[in-house]
Structure formats: structure tokens, C-alpha cells
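Notes for the one structure printed next.
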Amino acid sequence: MNKTIRRASVFALLLVFALLVRATWVQFYDGQALADDSKNRRNAIETYSSPLGNIIVAGDSITGSARTKGSDLAYKRTYTDGALYAAVTGYASQSYAPTQLEGIYQDLLNGTDTRLKTLMDTVTDKRADPGNVVTTIDPAVQKAAYDALGDKKGAAVAIDPTTGKILAVVSTPSYDPTSLTDADTAGTAWKKLNADSDKPLTNRALRQPLPPGSTFKLVVAAAALEDGLYSSVDEKTDSPNPYPLPGTTRALENENASAPCENATIRTALQYSCNNVFGKMAVDLGQDKVKAMAEKFGFNDETQDVPVRAYPSVYPSGMDKAQTALTGIGQFDVTATPLQMAMVSAAIANDGEMVTPHMVSEITDSGGDALENYDDRTNTTRIVSSDTAEQLQSAMETVVSKGTGTNAQIPGATVGGKTGTAQHGENNSKTPYAWFTSYAKSGDKEVAVAVMVEQSDAARSEVSGNGLAAPVAKAMMQAAVE
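Under the working numbering, the residue at position 223 of the sequence shown is numbered 208, and the numbers go up by one with no gaps.
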């Protein structure tokens, strides 16, 4: 063989080898990435080739699957009372990535979760029958919150303090997830929902932290009692009225100028929502001690999964004393979700112990056998002492019986709460946020709730936690304990 032919043969062999290497690479490495690509329609065709598993509330499916016509996607997701449960379910769409429980448990619901496979499924490489997600949601509490919020822009969360079960998660204005399920019509609905200035796709209950206003005073009071700054909710505090903000020419005043807030006890200060008391208290404690207590309740937790990942509620650091005083009344850079403020009331109501909040009881296979039981996996953490919890309960009950939270009273039930009206905008130029967090006990039934009203039709002068948020909380608590 002459040299030219030999070189050409070697070159040809190298080309063949390169092709084999490339084919192997695509087959075993790039192949999986291509298969998993969201733009690969084969994935959607496979996912919607048969009905999905369901999300369950109180034994009934609030999701379903419907046969399509004239599409290579054989089924599409359907929802019962979709707008009512949108903050729980999220959506499963033929066009967009799933969200909320639909997203977290998408493998279970479409049958690709390996725990669902039987021996025969493994042998035949057949997709398993899909599983189901059983929630902790109480439909009566969920509907009470949704109906009471009505056309207000806001959110509400309810928790069973003794078990950690989340009984309601509502965000308004809501949307119907069914509008996003069909590939042929989802695009129009998606554009409309995203263009809506009220942001209906935002889960305000879990994923929109806002200034909590005076509801945060519960955290400051807990820190003061636990630290020993004050021994009792009925001990007089050292609180000038108004309170001069350290290092400034400004003073922290009270909404009700005639309220008995000078040197008021914690009970009276919660009853009348005295800013001067809690601003001074935060400074006396120092930001580190207030932050430590806030974090015990769940603030600054970036891994708060219920199992939907909640946005962290924030207590800031690196402040001067004037800024620390403002955090004492839930302002400056303090933010919280309704979930977080419901957790505060739940821990106080439960003798100072917090049970891990969760809104899924269990996930099952198609036959109803549990794959995981989350009710058995909760953790209980002591946040404050039993004595501190009892004192705070007593003070919160005073708020409802004769303080700023009277609209939450429920005949025959013990109710404790705290109102909040959080400033919004530069120099409080925009409509304030109305908050209410509370608990109710009746017999062996208990519930803790938090309600936030971001915007309503009420005149600015009429915006208050008692006026707007407390009636929503009352409706939820009644549904839970009666």
C-alpha cells in the first residue's frame, strides 16, 4: 500500500471513530438533556397521554382530567372550584411549567415517580398509574376565607396550632387554573393574567411578604418577657408618650392620642396598640434580641417549605436605634407573610410550642396506599416558655374582648388577637395594609389565623386591622371551631 492510500485510510478511520464518539456522546449524555428539554413536545405528549393523579381536599378530588379533541395531547387538567383553591393547587398546564402542589408533586401526579412502579411496570417499562396528594385543607375554612375576602386584594392562612395542619391558604384576587391548562387557549389567558395590575398569579398568602405593622408587637412582647425585661404583661413599662426616636428630632406617636399609653403595661399596650411602648421596648432589648426571637418564630428562614416554598419573612440587621424602634412596631424593613403571622399566633396558642406547618397530609399511590405520611413527620419546637405563652394569650384575649380587635369576637369561643395597620409608601402616602392575627379555642377545637388586606374599596381613613381584616379572621375561626 502506498503512502497516500495509507494516509487516506487512517484519516477515514479517524473520521469514523470521531462519528462513533459523537454518536455515543449524544446517545448517553446529550440524549437525556434533549429528552428533558421543556421544548421537547414528546414530554408533554407523554405526560398528557393519560389522566393525571389528583389533589384531594377532605376526601374529594378538586382536580381531574378531561379528554381532548383534535390534539396529540390526549388529556388536559381540570379543576373544581379552581379559583377557590388556586393558592393551594397552582396549575398543571400543557404549555407552562406547573406550580404550587402541581409542580412539587408533578412526578407523582403524572406517574413517573419511581415509588409508584410495580415489578411489572419495571419489566415492561410502562408508566405507572399516577398517585394522589392528600391535603390538610378544611374546605369550610377555605371557603369562609375566600368569601370574606371577596373583592379585596389580600390573603389569609389558617393553621391548627396543635397539629401544624394548614387549614386554609387563600389569595385574592384569584384566578381559575383551568384557563391555563389547554395549549390552544392558555397563551391568551397567560398574557391577560400577567398584564393584570392586581397580580392574580401571585400567592399573597405564602409568597408576598409585606410590613406586618402592629401584629409584630407580639414578637417584641415575647422577647421582652423571655428576656426578663418585664416579668409580667401587667407590669408597668418605662415608656414616655410620645417616644423620642434616639438620635433624631422625631417622636414615635400613637394613632389614638387619648389612649393610656404612657408607661403602659404590655397588656394595655397591646389592647390600645401603643407604638411608644413597643418602639422603646425594641430599643431597650436591642435589635439582636428582637431578631433572635423573630427567628425563633420563623423570620429569616429561607427554607420554609409547607411544602410550597414560602418567601422568607424578614427581620433586618445593622440598624441604628431609631430604626430598631420602628421595627418594634413592625415597620422599617420588617416584612412578613400571612403564613408567618399565623405561625406566631399558633405558637402562642399552643403553650409556646410551634408544630411544623404543612398543607399535605400524605401522598398515595393509585390504590390509596401511603407513600409518605407528613402528619407523622412534624417537628415541635419550643418558641417561648409556657408562662410567657399564657401571659400573651391573656393579653391577646383582652385585645379582642375590649381592645382594638373586637370585631373578631365569637360567642362561646375564646378568642385572642392582634390588629395591625402597616404604613405603605413614602411618608405613608399610600393606602396602609390592614392585618389581623389571632387564635380561637372552643372545646377541643383550635385554630390560628392571619389575614392581610392589601387593598380594598374602603376610604383610607377607614383602613384598620379591626375594620377590614378581623371580620375575615372571625369568619375563618368560626368555620374551624363551630
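Even glycine gets a Cβ: it sits at the ideal position worked out from N, Cα and C.
(1) Here's the rule I'm using: 16 or more other beta-carbon atoms within 10 Å means buried, otherwise exposed. How should Leu203 be labelled?
(2) Mind checking who Arg62 pairs with in its DSSP beta bridge?
(3) With DSSP as the reference, label Phe263 as helix, strand or coil.
(4) Take the Cβ of Thr(-11) as the centre, count every other Cβ of all protein chains shown within 10 Å, and call the residue buried at 16 or more, exposed below.
(5) Do the CB positions of Tyr33 and Ala51 come within less than 8 Å of each other?
(6) Verify whether the separation of the beta carbon atoms of Gln440 and Lys138 is less than 8 Å.
(7) What runs of the beta strand (DSSP E), each 3 residues or longer, lie entirely inside the stretch 318 to 396?
(8) Quick one: what's got a C-beta closer than 7 Å to Leu0's C-beta in the same chain, skipping five residues either side?
(9) In chain order, what are the residue ranges of uninterrupted alpha helix (DSSP H) at least 4 long that sit wholly in the stretch 205 to 271?
(10) Hey, out of Ala454, Met462, Asp92 and Gln463, whose CA is closest to Leu134's CA?
(11) Can you have a look at Asn39 and say buried or exposed, based on whether 16 or more other CB atoms are within 10 angstroms of its CB?
(12) Using only the heavy atoms of the ligand NAD, determine whether one of them is closer than 7 Å to the beta carbon of Leu93.
(13) Can you tell me which residues form a DSSP beta bridge with Gln91?
(14) Using only the alpha-carbon positions, how far apart do Asn364 and Val340 sit?
(15) Work out the CA separation of Asp57 and Asp286 for me, nearest whole Å.
(16) Leaving aside the five residues before and after Gly49 along the sequence, list all residues of the same chain whose C-beta is less than 8 Å from its C-beta, in chain order.
(17) Of the choices Val345, Pro124, Thr320 and Val466, whose alpha-carbon is the least far from that of Val293?
(18) Between Glu431 and Asp145, is the Cβ-Cβ spacing less than 8 Å?
(19) Is the stretch 347 to 362 close to the stretch 169 to 182, with three or more CB pairs under 8 Å?
(20) Can you round the beta-carbon distance between Pro115 and Gly405 to whole angstroms, since I take them to be within the 8 Å contact cut?
(21) For Met461, which three-state DSSP category applies?
(22) Given 8 Å as the limit, is there contact between the stretch 269 to 278 and the stretch 141 to 157, that is, 3 or more CB pairs closer than that?
(23) Between which two residues does the beta strand (DSSP E) carrying Gln127 extend?
(24) When you compare only the Cα positions, how much space is there between Thr416 and Ser182?
(25) For Asp350, count neighbouring C-beta atoms within 10 Å of its own C-beta (all shown protein chains included) and say buried if the count is 16 or more, exposed if not.
(26) What are the boundary residues of the alpha helix (DSSP H) that includes Gly67?
(27) Report yes or no: do the stretch 424 to 438 and the stretch 329 to 336 share at least 3 C-beta pairs separated by less than 8 Å?
(28) Take Arg112 and list the residues in its own chain whose beta-carbon comes closer than 6 Å to its own, dropping the five residues that flank it on each side.
(29) Note the first and the last residue of the continuous beta strand (DSSP E) segment covering Thr157.
(30) With DSSP as the reference, label Ala3 as helix, strand or coil.
(31) Under three-state DSSP, which class holds Gln85?
(32) Give me whichever residues DSSP pairs with Met437 in a beta bridge.
(33) Measure the C-alpha to C-alpha separation of Asn358 and Val119 and round it to an integer number of angstroms.
(34) Looking at the unbroken alpha helix (DSSP H) that takes in Asn179, where does it start and where does it end?
Looking at the atomic coordinates:
(1) buried
(2) Ser50
(3) helix
(4) exposed
(5) no
(6) Yes, they are a contact pair.
(7) 338 to 340, 345 to 349, 355 to 358 and 365 to 367
(8) none
(9) For the stretch 205 to 271, whole alpha helix (DSSP H) runs of length 4 or above, ordered along the chain, are 251 to 257 and 260 to 270.
(10) Relative to Leu134, the option among Ala454, Met462, Asp92 and Gln463 whose CA is nearest is Ala454.
(11) Buried.
(12) What this structure holds is no ligand at all, so the ligand NAD is not there to describe.
(13) Answer is none; Gln91 lacks a bridge partner.
(14) 6 Å
(15) 43 Å
(16) These residues qualify, in order along the chain: Pro36, Asn39, Arg62, Thr63, Tyr64 and Thr65.
(17) Val345
(18) yes
(19) no
(20) No, Pro115 and Gly405 are not in contact; Cβ-Cβ is about 43 Å, not under 8 Å.
(21) helix
(22) no
(23) Bounds of any beta strand (DSSP E) do not take in Gln127; it lies within the alpha helix (DSSP H) bounded by Pro124 to Leu134.
(24) 16 Å
(25) buried
(26) Here the alpha helix (DSSP H) through Gly67 covers Gly67 to Thr74.
(27) yes
(28) Its chain contains Gly96 as the residues whose beta carbon lies nearer than 6 Å to that of Arg112, once the 5 sequence neighbours on both sides are disregarded; these appear in chain order.
(29) Thr157 -> beta strand (DSSP E) spans Ile151 to Thr157.
(30) helix
(31) helix
(32) Ala140 and Trp420
(33) 10 Å
(34) According to the DSSP assignment, Asn179 belongs to the alpha helix (DSSP H) that extends over Ala171 to Ala180.
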